[in-house]
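Visitor: Residue numbers (this note's numbering), protein chains in the order written: chain A, 1246 to 1649; chain B, 1246 to 1649. Beta carbons: idealized from backbone N, C-alpha and C, even for Gly. Have a look at the structure that comes next, please.
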């Protein structure tokens, strides 16, 4: 069901970052479901986590350990270890402890990540039994296998890799993500792991990741259902020859742009793999007073089941977009200043149907597989973009039949 | 597709309120699509309108005229007169003017209401041509025809009627509503018209209606898509022998309860007629700190496509409800205090799966046609209820195929 071309790219190894996979048989026996990531001693590591109050046990442990010089990530698919209470915490720590023993590190230097069904106990014994194999398989050139090991309902593996020139040095940025496009708690949802060989402090790396995520993973939505397990990690192994990246420099600016680009590509891949998705929709809100209201309007459109079913039907039913803008809760919105475009076709001007609009022109845009909606609010000069997909019969089928 | 029993009740006439219908051929020729309501000279009238910034032309006119001693309502189905800009305003006023001429009243004593497709010009000539017939047909015992004339995609007419004893006098409360259950901008959405013969000032009537709507029409949702045309009207003809209702009296308390009950029944009927709905879901949030957070949590659950598709599948997939509670944005939510029930079955206690829970017990509740979800937040003593329905293949079909 993927929208558009989704070829897995050539993945450049990142010096100082090794990845190993193995099969623990958590939900399946044919595909690896454990990913071991080992960072060079000089690495720094940044991460962002779900805002869901019911966050999963591994999220609580990883968030706590992030400030304790982490060097290992342990990721499993097939079980989210969420809604599991105190037992879930003990289980998450037990798996970290097993990694630490094998690696001869402290238990708090391990960050755990789980993705899969909510409310079932993590099969700790199976998971621990599969660790030696994952450790044995570790190598720098293993991103492809890693991308597959973290998949759940994903229909394709998601990767991004680029080499960037900064101040005469080449650094590498490589990353993977998973997510069935939808933010679906029962399946665990979005995970992203990126790595670079740049030299950068934990604090500066965290700022860089937070800024990138704000423009990418935080700007995608399928149904607004924030998961209990979302996490995105950025590792910097410090193995490149480029001197340490410092804030407010041209070098940092190039690095930031490259990390943001990687995050945007990895998050767009999630939307292209949206459960039941047949279309990729880019919603640009322009001339907003501030960023918050731009995102608010864009997400109201992106979450509207009426707008999404119209896109599925390729129906230029612009009244639904107009109504979504109107209910977005923007304070003192002057509808007479609003313009709305489907692709380059103006559908609404001065708050009503554009004089030049024809159903044929709207239909031509709606028939496309990738569609841009632009809303001019006429209130300022801030723009934001949100990505989403359409809402199809298959969305209902996948989510109604999942456990049968 | 209606959920449960939806028999149209015996409708008591309200002395002083006359209703007439006719066919203007706006969208259909076989069913009346115009409703004329005439109030006794002594009547007062209260109304609430959509909060959508893109509210329709008739909403703007009716809101303006509400304070000008209105005596006539003109309702059409088949065309929403929304997204129609300045021309839409001229058209709405033209229809009011035609009513005023026939009735020998001032144009500002007419409130117009439209429900139907957005963005098409109101066929003013057809509408005006049908007015004399509607006026001629007017009578007090005409609520059944009125309920049918305002339908769009509704699969059944929605009515409520009750006689209430207050201080030894019998007053009548009768009302109708329309809405395909969903809040669907393209089809125009929710309208409600209630009438009573009580004697009550415009100001007190408005307070009464606002309080009733807050507990009823503002507590239902199918998909969160607030329409451009929602309106609810309460007329009081002043023809009963009961002395004028005054604030802070026992009489007013009984009246308020009766109006709230009427509003709740009429709004529940809309959810039972939800497009594609197979289940009625009542979401009770208890032990909240305040009303706002109780509604916030209940609506987050009610809007979650994952929760709604699970209900459609009769799948006791409680992780989706838990995740929705967790993402509802309640400040400093302590998940360890949370309990969640499906019917009388405890599914979550102290933030994790209840020890006593079995899939069989959950399945038994999910198989029912009407299901209550209760969430105890453990933060206070405020409760709120929101009604919604499930999310089925037919929802997608109806909304994807509407214009084909």
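#1: Chain A beta carbons: is any one of them nearer than 8 Å to that of residue 1303(B)?
#2: Pick out the complete beta strand (DSSP E) segments inside the stretch 1266 to 1312 of chain A, 3 residues or longer, and give them in chain order.
#3: Contact defined as beta carbons within less than 8 Å: I believe residue 1291(B) pairs with residue 1451(B). What is the distance between those atoms, to the nearest angstrom?
#4: Does any residue of chain B bring its CB to less than 8 Å from the CB of residue 1646(A)?
#5: Output needed in chain order: residues of the stretch 1299 to 1330 of chain B with a Cβ under 9 Å from some Cβ in chain A.
#6: Does the stretch 1333 to 1341 of chain A come close enough to the stretch 1380 to 1390 of chain A to have 3 or more Cβ pairs within less than 8 Å?
#7: Taking 8 Å as the threshold (beta carbon to beta carbon), is residue 1453(B) in contact with chain A?
#8: Does the stretch 1282 to 1296 of chain A come close enough to the stretch 1521 to 1541 of chain B to have 3 or more Cβ pairs within less than 8 Å?
#9: Which two residues bound the contiguous beta strand (DSSP E) that contains residue 1645(B)?
#10: Any idea which residues DSSP pairs residue 1586(A) with across the strands?
#11: In whole angstroms, give me the CA-to-CA distance for residue 1432(A) and residue 1564(B).
#12: Listing by chain order, which chain B residues have their CB less than 7 Å from the CB of residue 1554(A)?
#13: Under 7 Å Cβ-Cβ, which residues of chain A neighbour residue 1636(B)?
#14: For residue 1531(A), go through chain B and note every residue whose CB falls closer than 9 Å to its CB, in chain order.
#15: With a threshold of 8 Å between beta-carbons, can residue 1557(A) be considered close to chain B, or not?
#16: With C-beta atoms as the reference, is residue 1424(B) less than 8 Å away from residue 1254(B)?
#17: Within the stretch 1365 to 1433 of chain B, note down every full beta strand (DSSP E) run reaching 3 residues or more, in order along the chain.
#18: In chain B, what lies closer than 7 Å to residue 1607(A) by C-beta?
#19: Below 8 Å on the Cβ atoms is my guess for residue 1266(A) versus residue 1449(A); work out the distance and round it to an integer in Å.
#20: Go through its chain and collect everything with a Cβ distance to residue 1617(A)'s Cβ below 7 Å, but skip five positions before and after it.
#21: Sort 1302(B), 1576(B) and 1555(B) by Cα distance to residue 1644(A) and report the nearest one.
#22: Is it right to say residue 1385(A) is buried, meaning 16 or more other beta carbons lie within 10 angstroms of its own, or is it exposed?
#23: Express the C-alpha separation of residue 1597(A) and residue 1620(A) in angstroms, rounding to a whole number.
#24: From residue 1426(B) to residue 1635(B), what does the alpha carbon distance come to, in whole angstroms?
#25: With a threshold of 8 Å between beta carbons, is residue 1297(A) in contact with chain B?
#26: Are the C-beta atoms of residue 1522(A) and some chain B residue less than 8 Å apart?
#27: Determine contact between the stretch 1491 to 1509 of chain B and the stretch 1598 to 1608 of chain B, defined as no fewer than three beta-carbon pairs at a distance below 8 Å.
#28: Report yes if the C-beta of residue 1518(A) is less than 7 Å from at least one heavy atom of the ligand NAD; otherwise report no.
#29: Below 8 Å between beta carbons is the criterion; list the residues of the stretch 1352 to 1370 of chain A that meet it against any residue of chain B, in chain order.
#30: Given a limit of 8 Å on CB to CB distance, which residues of the stretch 1617 to 1630 of chain B reach chain E?
#31: Check for me: the alpha helix (DSSP H) holding residue 1507(A) runs from which residue to which?
#32: On the premise that residue 1367(A) lies in contact with residue 1324(A), defined as a C-beta separation below 8 Å, what is that separation, rounded to the nearest angstrom?
#33: Please go through the same chain and pick out, in chain order, the residues whose beta-carbon is closer than 7 Å to the beta-carbon of residue 1514(A), but skip the five residues on each side of it.
#34: Counting beta carbon pairs with one atom in the stretch 1374 to 1381 of chain A and one in the stretch 1269 to 1280 of chain A, are three or more of them shorter than 8 Å?
#35: Under a three-way DSSP split, which group does residue 1526(A) fall into?
#36: Mapping DSSP to helix, strand and coil, what is residue 1321(A)?
Guide: Judging by the given coordinates:
#1: no
#2: 1279 to 1284 and 1289 to 1294
#3: 4 Å
#4: yes
#5: 1299, 1300, 1325, 1327, 1328, 1329 and 1330
#6: no
#7: no
#8: no
#9: It is not in any beta strand (DSSP E) - residue 1645(B) instead sits in the alpha helix (DSSP H) that spans 1638 to 1646.
#10: 1591(A) and 1619(A)
#11: At residue 1432(A) the pLDDT is 31, less than 50, meaning the model places this residue with poor confidence; the figure from the coordinates comes in the next sentence. Their Cα atoms are separated by approximately 10 Å.
#12: 1641, 1644 and 1645
#13: 1641
#14: Going along chain B, no residue has its Cβ under 9 Å from residue 1531(A), so there is no contact; the nearest lies around 17 Å.
#15: yes
#16: no
#17: 1403 to 1411 and 1414 to 1423
#18: The contacting residues do not exist; residue 1607(A) stays about 11 Å from chain B at best.
#19: Their Cβ separation, rounded to whole angstroms, is 30 Å, which puts residue 1266(A) and residue 1449(A) out of contact at 8 Å.
#20: 1527, 1529 and 1588
#21: 1555(B)
#22: buried
#23: 13 Å
#24: Low per-residue confidence applies at residue 1426(B): pLDDT is 42, beneath 50, and the placement is therefore not dependable, though the value from the model is reported in the following sentence. C-alpha separation (whole angstroms): 11 Å.
#25: yes
#26: no
#27: no
#28: The ligand NAD is not among the ligands present in this structure, which contains no ligands whatsoever.
#29: 1362, 1363 and 1364
#30: The structure shown contains no chain E; its protein chains are A and B.
#31: 1495 to 1517
#32: 5 Å
#33: 1251, 1403 and 1422
#34: yes
#35: strand
#36: strand
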